[in-house]
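Numbering (my numbering), first residue to last: 393 to 990.
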């Protein structure tokens, strides 16, 4: 099973724009952030002041043997160091709180957006890609908005402040420091420009690996059933090797550039030590000034060497931001019109008016489909795979919008009403029943979490599910496992029917709900469906004769067109295609059913 990264239709933005957008997530926490940077300025001020204390202690306290001044100066230095320690604690705490809030907001924004996006987005984006962007990429943005950008700003301010003091103390020595900065900045820029696109490839490849693992976990039964374990291991190995190769390439770039940045910084330091020693020997610098100079140089080494570590972090964060913003900037294909109204209580009159649709605009799936369903009717959709059955029910629920034509419910164009008000009146029971890793109670109440226990039990009884639920170890509190794995297919479908019953929908969508169960279970499900469909307009993707016979209208589809319509009896008389399907597929079911009844 192959995986590939999602390709965004949006043009890439430059690094500065992405980083600035990431930092804007700190805006709601400006008080914390202001406190962080205020503390930073005081800490830097103390760092710049400390070597002057040392200079004062040496030149006056020690050199002139003023022990009283020496004692006071040392106590003052200890007090300043204590203040600096407290400020560093507050700075670290506030930084972490603010950046964790950014991660919290980003994950909420991604989750909210994923629920708003249309099925066309999820058709392209693999779940592994979404998981890595929601977890790993958000964490990298969190680190950027926290310690990374703080250390960068702190380093720049300390660098400028220290360079200014050095020039004030000795213009010739200070200028030597300043001359090394342009080369350092240029090298850091070149490093970042090459590292960012590579880090984006690495993060995309991690998404591919996550998708591959996720697909293998979900499809483990198929993999083992077809004895493809070795093939899947080899496929994963190939993806893992690609990630490894990209990571090695990134490590080589870092291995060259980080020491090079340190070398540039240390080169200036060596020259200053040599020239400063010469000035001291000539009497142009006092011993205290030279020690202060050396202390300042030690302070400079830290921000200069930090740049080598911060640049790749900025590049990785920009790549992470680009991937996260691909999701946040995605525009849903299906969304509320600005003038959309609340859908009133639906009676169930559904009309397709010359509807055409294609998941890919160049390959239409439905062509000029028109039909009308009256309130409370059951519509059976029949046809070969790919004929358009599932597309019709997707359009009824407005998971997609038609390319041409319109879909009317009680005379309202579905594009003119608010999505929530439409979908809350539609109940869905799919062939591939989706349950959540939660209790049976929570799964039934999913459409109405406020429902009380009596209502939930009543829905379960109507769905023929109460009996088997009470046989479970914990009854309605029984956990069903991921995707309802601990339940049989028939049990999952009856819970799904109970879930739909609880919301009291006016329109039902049933996607072949009894196609893969035994006769006894089908009877239970059919009993539940009869209760569910009573008085409701129902669309059924049907392959069973028992369902088709009860339909008020059968739509026979072929290659996206309706080629016949009517009841079971009328179609047997008027449609040779339907008569052939009946003889080949449906009549054997009839004989089997008669045999079971005997």
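Backbone N, C-alpha and C fix where the C-beta goes; we use that ideal spot for every residue, glycine too.
Problem set entry | Nearest-angstrom Cα separation, counted from residue 522 out to residue 396 | Residue placement at residue 396 is flagged as unreliable, the pLDDT there being 46, under the threshold of 50; a coordinate-derived value is accordingly withheld.
For this session: Assign residue 486 to one of two classes, buried (16 or more other C-beta atoms within 10 Å of its C-beta) or exposed (fewer than that).
Result: A buried status is given to residue 486, since no fewer than 16 other beta-carbon atoms sit within 10 Å of its beta-carbon.
Problem set entry | Those runs of the beta strand (DSSP E) which lie wholly inside the stretch 675-751 and span at least 3 residues | Entirely contained in the stretch 675-751, the beta strand (DSSP E) runs reaching 3 residues are, in chain order, 742-749.
Problem set entry | Proximity of residue 708 and residue 546 at Cβ, strictly below 8 angstroms | The answer is no: Cβ separation not under 8 angstroms.
Problem set entry | Beta bridge counterpart(s) of residue 755 as assigned by DSSP | 752, per the DSSP bridge assignment.
Problem set entry | Range covered by the alpha helix (DSSP H) that runs through residue 879 | It is not in any alpha helix (DSSP H) - residue 879 carries neither H nor E in the DSSP assignment.
Exercise. Within the chosen definition, does the stretch 812-831 reach the stretch 768-776 through at least 3 CB pairs nearer than 8 angstroms?
Worked result: Fewer than three beta-carbon pairs drawn from the stretch 812-831 and the stretch 768-776 are found closer than 8 angstroms, and the two stretches are therefore not classed as touching.
Problem set entry | residue 507 classed as buried or exposed, judged by whether at least 16 other C-beta atoms fall within 10 angstroms | With a threshold of 16 other beta carbon atoms within 10 Å, residue 507 falls short and is exposed.
Exercise. Relative to the alpha-carbon of residue 597, which residue among 916, 964, 715, 473 has its alpha-carbon at the smallest distance?
Worked result: It is 715 whose Cα lies nearest to the Cα of residue 597.
For this session: Measure the C-alpha to C-alpha separation of residue 974 and residue 765 and round it to an integer number of angstroms.
Result: Roughly 23 angstroms between the two C-alpha positions.
For this session: Report the option in 652, 626, 593 whose CA atom is closest to the CA atom of residue 641.
Result: Closest by alpha carbon: 593.
Problem set entry | Residues near residue 409 in its chain [Cβ-Cβ closer than 6 angstroms; skip 5 each side] | Non-local C-beta neighbours of residue 409 in its own chain, meaning closer than 6 angstroms and more than five positions away in sequence, are absent.
Exercise. CA-CA distance, residue 406 and residue 720?
Worked result: Going from the Cα of residue 406 to the Cα of residue 720 covers about 17 angstroms.
For this session: Figure out for me which residue from 652, 761, 941, 840 has the closest Cα to the Cα of residue 950.
Result: Checked all of 652, 761, 941, 840; the closest Cα to residue 950 is 761.
For this session: Would you check if the stretch 423-437 and the stretch 670-677 touch, i.e. whether three or more CB-CB distances between them fall below 8 angstroms?
Result: In short, these stretches do not touch, since the Cβ pair count stays below three.
Problem set entry | For residue 516: DSSP bridge partner residues | Residue pairing by DSSP places residue 516 opposite no residue, since no beta bridge is assigned to it.
Exercise. Where does residue 886 sit, in a helix, a strand or coil, going by DSSP?
Worked result: Helix at residue 886.
Exercise. Counting pairs of Cβ atoms below 8 angstroms between the stretch 747-758 and the stretch 926-934, do you hit three or more?
Worked result: Using a C-beta cut-off of 8 angstroms, the stretch 747-758 makes no contact with the stretch 926-934, since fewer than three inter-stretch Cβ pairs fall below that distance.
Exercise. Thinking just about the alpha-carbon of each residue, which of 779, 646, 945 is nearest to the one in residue 333?
Worked result: The chain is shown from 393 up to 990; residue 333 falls before or after that span and cannot be answered.
Exercise. With a CB to CB cut of under 7 angstroms and the five nearest residues on each side skipped, what residues in its chain are close to residue 634?
Worked result: Within the same chain, residue 634 has close Cβ partners 597.
Exercise. Where does residue 649 land, buried or exposed, given buried means 16+ other C-beta within 10 angstroms?
Worked result: Buried: at least 16 other Cβ atoms inside 10 Å.
For this session: Give, in chain order, every unbroken run of the beta strand (DSSP E) that is at least 3 residues long and sits entirely within the stretch 789-855.
Result: As for any beta strand (DSSP E) of minimum length 3 sitting wholly inside the stretch 789-855, the runs are 796-801, 818-821, ordered along the chain.
For this session: Could you spell out where the beta strand (DSSP E) holding residue 957 opens and where it closes?
Result: Taken as a continuous stretch (DSSP letters only), the beta strand (DSSP E) holding residue 957 covers 953-958.
For this session: Verify whether the separation of the beta carbon atoms of residue 894 and residue 837 is less than 8 angstroms.
Result: Between residue 894 and residue 837, the C-beta gap is smaller than 8 angstroms, which places the two residues in contact.
For this session: Give the secondary structure of residue 762 by DSSP, where H, G and I count as helix, E and B as strand, and everything else as coil.
Result: Looking at residue 762 - three-state DSSP - the assignment turns out to be strand.
Problem set entry | 8 angstroms Cβ cutoff met for residue 605 and residue 520 | Yes, the Cβ-Cβ distance between residue 605 and residue 520 is below 8 angstroms.
Exercise. Is residue 411 near residue 710, with beta carbons less than 8 angstroms apart?
Worked result: At a Cβ-Cβ threshold of 8 angstroms, residue 411 and residue 710 count as neighbours.
Exercise. Rounded to a whole number of angstroms, what is the C-alpha to C-alpha distance between residue 970 and residue 933?
Worked result: Their backbone Cα atoms lie some 15 angstroms apart in a straight line.
For this session: Kindly indicate which residue of 917, 864, 441, 663 has the alpha-carbon position closest to the one of residue 571.
Result: 663 is the residue among 917, 864, 441, 663 whose C-alpha sits nearest the C-alpha of residue 571.
Problem set entry | Under the three-state DSSP convention, the category residue 934 falls into | Residue state for residue 934 is assigned as coil, using DSSP reduced to three classes.
Exercise. Which same chain residues, not among the five before or five after residue 644, have their C-beta less than 6 angstroms away from its C-beta?
Worked result: Result list for residue 644: empty, nothing under 6 angstroms.
Exercise. By DSSP, does residue 566 sit in helix, in strand, or in coil?
Worked result: Helix.
Exercise. For residue 871, which of helix, strand or coil comes out of DSSP?
Worked result: The answer is strand: DSSP assigns residue 871 an E or B state.
Problem set entry | DSSP state of residue 509 mapped onto helix, strand, coil | DSSP, read as helix, strand or coil, puts residue 509 in coil.
Exercise. Are residue 924 and residue 886 touching if we call contact CB-CB under 8 angstroms?
Worked result: Cβ distance not < 8 angstroms, so residue 924 and residue 886 don't count as in contact.
For this session: Flag this pair as touching only if the stretch 729-741 and the stretch 559-569 have three or more C-beta atom pairs under 8 angstroms; answer yes or no.
Result: Verdict: no, contact absent.
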